[in-house]
Amino acid sequence: MEMTFRWYGADDPVTLDKIRQIPGMTGIVTAIYDIPVGEAWPLDRILALKKTVEDAGLKLSVIESVPVHEDIKTGDGDRDRYIENYCTTLRNLAQAGVDTVCYNFMPVFDGTRADLAHELPDGSNALIYDEAQVARMDPAAGDLSLPGWDSSYTKDGLRALLDKYRTITEEDLWNNLKYFLDRVIRVAEEVKIKMAIHPDDPPWGIFGLPRIITSKENIERFLALYDSPYNGLTLCSGSLGVTRTNDIADMVRAFAGRIHFAHIRNVKITGPHSFEEAAHLSSCGSLDIVEILKAYHDTGFDGYIRPDHGRMIWGETGRPGYGLYDRALGATYINGIWETLEKLDK
Ligand code: DNO
1021 MEMTFRWYGA
1031 DDPVTLDKIR
1041 QIPGMTGIVT
1051 AIYDIPVGEA
1061 WPLDRILALK
1071 KTVEDAGLKL
1081 SVIESVPVHE
1091 DIKTGDGDRD
1101 RYIENYCTTL
1111 RNLAQAGVDT
1121 VCYNFMPVFD
1131 GTRADLAHEL
1141 PDGSNALIYD
1151 EAQVARMDPA
1161 AGDLSLPGWD
1171 SSYTKDGLRA
1181 LLDKYRTITE
1191 EDLWNNLKYF
1201 LDRVIRVAEE
1211 VKIKMAIHPD
1221 DPPWGIFGLP
1231 RIITSKENIE
1241 RFLALYDSPY
1251 NGLTLCSGSL
1261 GVTRTNDIAD
1271 MVRAFAGRIH
1281 FAHIRNVKIT
1291 GPHSFEEAAH
1301 LSSCGSLDIV
1311 EILKAYHDTG
1321 FDGYIRPDHG
1331 RMIWGETGRP
1341 GYGLYDRALG
1351 ATYINGIWET
1361 LEKLDK
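Under my numbering, residues 1021 to 1366 are what the sequence shown spells out, in order.
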């Protein structure tokens, strides 16, 4: 496996120089953030990003994410043009040496939380999802602040988009996903980019919007939509793991070969549809991180891995979930487990 860290670009208070000092850290996960969703990423912009990362002594390992335009998810409007642009982006990324791309197929909202800075008993702050709190939120009010969301919609634009989704069922979303995969994976195969869909976070419908990448069964269905190693997964333990019926270690074993990117995050389940994000250490949350890593190790995982969201600790401020300190602790914990598994194997 290759250890990586997410970096949000030149504005990220967590700089590449700091990331390089985390033991065992070699790869960067990032994106170009100022190109409107749906437009193709020019090769020179990608090469400039790669140079910035390499000048800092790191490798541009994964793009998270090349976002999918809503017309593709709703299956109307300009979807063919946006798919064409998506393919151009993949071709350009491949030319720059990128081999893994993460994306998601969540309607309108990406990872959704009730509170981005909930204070835990130890004084740290974490992202939490509380069913009752989310039920009181009005997405059309346009005041949602979410960890990984493109918030560039106007209020009217958002309302119109939410209206459009009223008639879109889960089956429609499956069909539109297949339409996308049939066109994009062909190109991914040609240019050798492993596509890695990120599961829905949380893995259930929110605000009346359908979500489909939510469970083992649905992931099996997803993989069968286009049966190719290039049609693969970002297996995010914290997204899927908030539902007790999702057994992450079992999925790692079942989907070996199709998982290209591993997100390691621990979560503490606090109710049927409620959870808090936790420190990576197994005993801090509901997931057995050693079991999960053992499953990756046993199945010969050789893709990219990254510590996922961290809490805000030691007075750090910055992008919720993406501070330096707790994620660096997470990386070190993962490296410790992995080193142990490697030695025990010999
Ligand atoms: C939030 C992240 C998501 C994720 C995308 C992948 O913190 O988990 O924004 O990067 O869904 O496309």
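All residues carry an ideal CB built from backbone N, CA and C; glycine is no exception. Quick caveat, the model's predicted, so the values are computed rather than measured.
Closer than 7 Å to some heavy atom of the ligand DNO: that describes the Cβ of Tyr-1123. Here DSSP, grouped into helix, strand and coil, assigns Tyr-1199 to helix.
Bounds of the beta strand (DSSP E) holding Gly-1252 are 1251-1256. Using a 10 angstroms sphere on the CB of Tyr-1053, the tally of other CB atoms stays under 16, which defines it as exposed. Shortest gap from the CB of Ser-1085 to any heavy atom of the ligand DNO: under 7 Å. Just measuring C-alpha positions, the residue of Leu-1069, Trp-1194, Phe-1227 sitting nearest Ile-1233 is Trp-1194. Check the Cα spacing between Asn-1196 and each of Asp-1318, Asp-1158, Asn-1112, Asp-1096: the tightest is with Asp-1096. For Gly-1177, the enclosing alpha helix (DSSP H) has its first and last residue at 1175-1185.
Relative to the non-hydrogen atoms of the ligand DNO, the Cβ of Gly-1131 comes within a distance shorter than 7 Å of at least one. In the structure shown, Arg-1026 falls within a strand segment according to DSSP collapsed to helix, strand and coil. In the DSSP assignment, the residues bridged to Cys-1122 are Glu-1084, Ala-1216.
Boundaries of the beta strand (DSSP E) around Asp-1135: 1135-1139. For the 8 Å CB-CB criterion, Leu-1147 and Glu-1297 form a contact. Relative to the ligand DNO, the nearest heavy atom lies less than 7 Å away from the CB of Gly-1341. Distances taken from the Cβ of His-1218 to the heavy atoms of the ligand DNO include one shorter than 7 Å.
For Phe-1242, the enclosing alpha helix (DSSP H) stretches over residues 1236-1245. Listed as beta-bridge partners of Glu-1297 by DSSP are Val-1287.
Listed in chain order, the non-local C-beta contacts of Thr-1108 below 6 Å within the same chain comprise Ala-1060, local neighbours out to five positions each way being set aside. DSSP places Ala-1051 outside both helix and strand once states are collapsed to three, so it counts as coil. When C-alpha distances from Leu-1245 are compared across Leu-1164, Lys-1366, Ile-1217, the shortest belongs to Ile-1217.
Pairing Leu-1361 with Asp-1192, the inter-Cα distance amounts to about 43 Å.
By the Cβ-count criterion, Met-1045 is buried, with 16 or more other Cβ atoms from all chains shown falling within 10 Å of its own Cβ.
In this model, Gln-1115 and Val-1211 are separated by some 8 Å (Cα to Cα). Judged by the Cβ position, His-1329 qualifies as a neighbour of the ligand DNO at the 7 Å threshold, a heavy atom of the ligand being closer than this. Asp-1221 has its Cβ nearer than 7 Å to a heavy atom of the ligand DNO. The secondary-structure analysis by DSSP pairs Asn-1145 across a beta bridge with Glu-1139, Met-1332. The continuous stretches of alpha helix (DSSP H) do not include Tyr-1324, which lies in the beta strand (DSSP E) extending over residues 1324-1327.
Nearest to Gly-1225 by alpha-carbon distance, out of Pro-1087, Thr-1263, Ala-1030, is Thr-1263. Ranked by Cα distance from Arg-1285, the first of Phe-1227, Thr-1265, Ile-1312, Gly-1277 is Ile-1312.
The way I'd put it, the stretch 1071-1079 doesn't touch the stretch 1315-1327; fewer than three beta-carbon pairs between them come closer than 8 Å.
In terms of Cβ geometry, Ile-1325 and Thr-1120 do not form a close pair [threshold 8 Å]. Between Ile-1268 and Ser-1144, the gap from beta carbon to beta carbon reaches 8 Å or more.
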